[in-house]
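Protein chains in written order, with my numbering: chain D, 1 to 319; chain S, 320 to 624; chain H, 625 to 883; chain A, 884 to 1278.
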């Protein structure tokens, strides 16, 4: 039982990394991207290919996985960032599917539908971080989450974070303030993709084999749900969102009901939670992070009485 | 690419595929035109309508093929359409209407939730096995030289054309259609002009869902009925809607047909591996969006500074 | 000295010519008014100068450099700032953050170190950078007597303060030329008077001001020179008293009332 | 803010860590009266049908056994089914739950190759016997000594198929239409290798995407290439589409297929179009009453007939009962290692598919059956295997 709970925490950590990346793109810059699955896949396959075919050490593959994903983010970002709102969503969703399609068909590199098996485990100072040794793996994953959190938190509090938010609030005004909006949007994409790539790398050494099947756009949608459910623009909330969604999806197994109720109920429950949550609290559980006041002391909570309208703006084509 | 016969064969295949995409895309585009959000559950409404149609058809269909069978088929289709229309309206009322003033993301996620509920509900109630919908006629191909055309393909084309023309006339000519267009341009103004916006939105959902059910029932003859039948087709249809210019009725038709043709000919003409078919569709989508972000027939919206 | 000048600037949208071969000059140190009936192309001219729109033909010269078709952020960095007709604040950010964003590009750029090094430096020495930006921002806020509102969200400010905040944000970019698009719109007479004083104060800082305004009292009062646009064309240019007497201008305004 | 977060987090943690108290507790005490077996397969999602079908094969065996009193007539068996959604991530969660909270003795499944690899690594470490009834990839059993299967590997099926097509059917130019999933591609690659080794040629190999329903484009191309026969090693739903659309296009080339064709659902979906298809499937070396009884019972219980994978799951369950009984009789408990050893030592167990033996690596020692569909009824053509690159008919 404990092992199963630890596993949920491990998955939560991996998804939290992806959700933090999504948060930069969606929560901060306000771009509705649905491509995390693609970046996740690139990260997974980078680690799998480099460590299986070229015998690289896991730790060397992690930055490469992140960078390759970031590169993909830039490649996707540069042309598509002219698009707004749902157009961007559908274009990025398309890119995610293209990535999966390419992986599924580039047999010589990725093994096609057969995938890549026998990925060596990660190890540090001669100690193998065995995915079956849950505590060690959990530690590794959450160290990544912590590092990611610290990085993103600092980024968000810096002038760069502020510029990203300005772009979300009003792109035209931002560029008239001397902010290079295209550059920041591409960087946001790259950072978001980097986080997903690293998450993919961790996933690869956890499952020890990769196949193209799981990297569907549903993963991207899940990650988006995590961000929205937790609270956009709030990294702690997003981590909480990642955990909650994992928790919900494994809830029937946790309470030992998975064998009793029809398997579909889990998914139906998840759907219900999404609908109810959006009606009841569209700004997410925690909502947007409160703004820093001048003295650095947290200011009184923002008024969120009619929550939905409070600024979780996604750049929309037509409003 | 061998011969002309092969070319026309591909053309026929592409047109029927595209017609189906267009029919589904219409629903997406109508909803988007009015509410500005992607109704992710559209594909699942299609699936629900097809199931209902299938049950009705199996119950009333006679043993022999003949005129009655064809009538029964269209009757069942009508029942499926009505069911979908009601389902669409109900979903709108429960899951989307409370979110009209919320952020753009809220209804999108709510729609994803509805999609989860519907597809899994169907799997639970009716099982995961594909259910066969019997042809109401003999579907042996008619050979025109080397080209084989099935009655099913002809029926798809006829129904699609009829539906599209009817819809186009309805939107352009009827009072209700005009009210719809007014609502999609500016809800607040429409309200001031005395249009019952809530009612118009409900009707839009009803029509879009009914069209989806039609498309579902038509393709079910070939692809069978199963819980996830609407997912990928729905996604492609959405791509078609965007390509044509989302929110634009004619755009959805053009986009759908175009996507069907591109998918078919991309593989046939260019020798692209078939497994990359979806990739072609998505690459086309991205190229079109980059060249003309508002879609082929969409109107550019310039933000006023 | 001419600070900014457009030559035969034209912007057409399909068949509609919004701005047609406009020659427009801004003298350094003066307050220039840009007036004309609705739809005369004033805002379009602003947008084409500040990089939010690209002219169909013609050139824009700023400080002797050709800036035609450059990005909005590049033009801003060269020293042209602006406000908007329909206030464009970063609504969910605080007043202070809004102004700090005006300083965004002033920090983190260094001639001596490379880009990556600069980025890393600004990531690790954030506090220092932030405090410099904060001081500057506060300076501009106190210019408008808005210090007590620093932590308020921009969207919660009353209308008049929002206008002021937008100007403060523009000033924080330390422009040599400031474009104000209908700054007095929606203001009551007291607020308009205060605004006039502020604009004069801005000029006294050595900043050249160009403003679009419908409030003739304000325009005639504070502008040193006025340019009149009608149907996208420059129909008159001169001092307020010259403009008042110009028959073309009178016709443009009266003719509009006839219609 | 901080209070809110810590409240939510602490609530969740409390729920999590109190769960073992009431959920996990009972297994310790109840261990003697019932034992638990696990099953992992896609129960929801696009491939849910396979999980549903195959799990029912195992469930039927367990229900039958329990009706006779259970293992050694007194220990009842419970099957715990976990949904993998066809995704290794979910499959791993499933085995983790089965292993740590249900304390299963052995696992039947997973259904798909991808999940089998991820789960296989896990059971090997944990020391839980795993028998997949449908994971056909040749390498699965190489994970370790706890991994077995009751389905012939791709390797064998491909070898028999390639040789049979060339030698018996006289095919020289083969067209292929396969889906880019592990099952179809594995069979395609295996068959191609053995077919071309004999001197045949795959003249056209078209692919499809998972979830595709429209194959007219590929079929039109294949028609133009005019091979001697078309090999379609796919799952039921796709094959039904292919056969129907081929007839619509007026394609008159014989179709060859794989064990995916052994699912009787194909006759519901494709009806008369199945006529003439020759496919490689499970053997019927000992055409027994057991086989007929199983099909009847399964059909009666669930309303549809079993496919070969469900049959394999049923056999896996019975072989497992046999091993469990031996271990229980010898020691009075169910040691996982002992169960594994007893299972590996299985010799000539008579299952529905015939005599069951396991090779050293855990593969099923098997032959392949060949069938030809006449009307909508498959006719058994015989059993074959390949020895030293030569096709041998097994009498």
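Quick reminder that beta carbons are idealized off the backbone N, C-alpha and C, glycines included.
Three-state secondary structure assigned by DSSP to residue i
{"i": "residue 609(S)", "result": "helix"}
{"i": "residue 907(A)", "result": "Reliability fails at residue 907(A), whose pLDDT of 43 lies under 50, so the model's placement of it is uncertain and no value is given."}
{"i": "residue 542(S)", "result": "helix"}
{"i": "residue 296(D)", "result": "In this prediction, residue 296(D) scores a pLDDT of 48, lower than 50, which makes its location untrustworthy; the coordinate-derived value is nonetheless stated afterwards. Coil."}
{"i": "residue 356(S)", "result": "coil"}
{"i": "residue 1055(A)", "result": "coil"}
{"i": "residue 951(A)", "result": "coil"}
{"i": "residue 615(S)", "result": "coil"}
{"i": "residue 912(A)", "result": "Since pLDDT at residue 912(A) reaches only 43, below the 50 mark, its modelled position is unreliable, and no value is offered."}
{"i": "residue 481(S)", "result": "helix"}
{"i": "residue 1088(A)", "result": "strand"}
{"i": "residue 326(D)", "result": "In the structure displayed, chain D extends from 1 to 319; residue 326(D) sits before or after that span and is not available."}
{"i": "residue 39(D)", "result": "helix"}
{"i": "residue 361(S)", "result": "helix"}
{"i": "residue 369(S)", "result": "helix"}
{"i": "residue 1(D)", "result": "coil"}
{"i": "residue 1136(A)", "result": "coil"}
{"i": "residue 1232(A)", "result": "strand"}
Residue i versus the options, residue with shortest Cα-Cα distance
{"i": "residue 196(D)", "options": "31(D), 28(D), 22(D) and 155(D)", "result": "22(D)"}
{"i": "residue 240(D)", "options": "7(D), 4(D), 3(D) and 12(D)", "result": "12(D)"}
{"i": "residue 1134(A)", "options": "1104(A), 1161(A), 1162(A) and 1213(A)", "result": "1104(A)"}
{"i": "residue 414(S)", "options": "360(S), 388(S), 325(S) and 443(S)", "result": "360(S)"}
{"i": "residue 970(A)", "options": "81(D), 115(D), 110(D) and 61(D)", "result": "115(D)"}
{"i": "residue 470(S)", "options": "458(S), 584(S), 562(S) and 559(S)", "result": "458(S)"}
{"i": "residue 474(S)", "options": "503(S), 410(S), 389(S) and 343(S)", "result": "389(S)"}
{"i": "residue 1111(A)", "options": "1127(A), 1118(A), 1084(A) and 1130(A)", "result": "1084(A)"}
{"i": "residue 548(S)", "options": "362(S), 610(S) and 480(S)", "result": "362(S)"}
Boundaries (first-last residue) of the beta strand (DSSP E) holding residue i
{"i": "residue 857(H)", "result": "857-862"}
{"i": "residue 635(H)", "result": "626-637"}
{"i": "residue 924(A)", "result": "917-924"}
{"i": "residue 682(H)", "result": "681-686"}
{"i": "residue 1267(A)", "result": "1260-1270"}
{"i": "residue 697(H)", "result": "That residue, residue 697(H), is in no beta strand (DSSP E); its alpha helix (DSSP H) goes 696-702."}
{"i": "residue 382(S)", "result": "It is not in any beta strand (DSSP E) - residue 382(S) carries neither H nor E in the DSSP assignment."}
Boundaries (first-last residue) of the alpha helix (DSSP H) holding residue i
{"i": "residue 410(S)", "result": "386-410"}
{"i": "residue 423(S)", "result": "Counting along the chain, residue 423(S) falls outside any alpha helix (DSSP H), and DSSP gives it neither H nor E."}
{"i": "residue 917(H)", "result": "Absent from the structure is residue 917(H), since the part of chain H shown begins at 625 and ends at 883."}
{"i": "residue 1210(A)", "result": "1191-1214"}
{"i": "residue 854(H)", "result": "No alpha helix (DSSP H) holds residue 854(H); the beta strand (DSSP E) holding it covers 849-854."}
{"i": "residue 980(A)", "result": "971-980"}
Anything in the stretch 949-979 of chain A with a Cβ closer than 9 angstroms to a Cβ of chain D? List those residues in chain order, please. 961, 962, 963, 964, 965, 966, 968, 969, 970, 971, 972, 973, 974, 975, 976, 977 and 979
Scan the stretch 567-599 of chain S for residues whose Cβ lies nearer than 8 angstroms to a Cβ of chain D and list them as they occur along the chain. 592, 594, 595, 597 and 598
Using a Cβ-Cβ cut-off of less than 8 angstroms, list which residues of the stretch 1004-1026 of chain A approach chain D; keep chain order. 1004, 1005, 1008, 1009, 1020 and 1022
Going along the chain, which residues of the stretch 406-431 of chain S sit with their C-beta nearer than 7 angstroms to a C-beta in chain D? 414, 417, 418, 420, 421, 422, 423, 424, 425, 428, 429 and 431
Got a sec: which bits of the stretch 102-126 of chain D sit with their beta carbon under 9 angstroms from any beta carbon on chain A, in order along the chain? 104, 105, 107, 112, 113, 114, 115, 117 and 118
In the stretch 225-238 of chain D, which residues sit with their C-beta less than 7 angstroms from some C-beta in chain H, listed in chain order? none
Which runs of the alpha helix (DSSP H), 4 residues or longer, sit entirely within the stretch 124-183 of chain D? 134-157, 159-169 and 171-176
Interface residues of the stretch 430-446 of chain S facing chain A [CB-CB below 8 angstroms]: 439, 442 and 446
Length at least 4, wholly inside the stretch 531-577 of chain S: the alpha helix (DSSP H) runs in chain order: 550-563
Using a Cβ cut-off of 9 angstroms, which residues of the stretch 1066-1078 of chain A contact any Cβ in chain D, in chain order? 1066, 1067, 1068, 1069 and 1072
Can you give me, in chain order, the residues of the stretch 21-46 of chain D that have a beta carbon less than 7 angstroms from any beta carbon in chain A? none
Let me know the alpha helix (DSSP H) ranges lying completely inside the stretch 761-846 of chain H, each 4 residues or longer, listed in chain order. 783-795, 813-828 and 840-846
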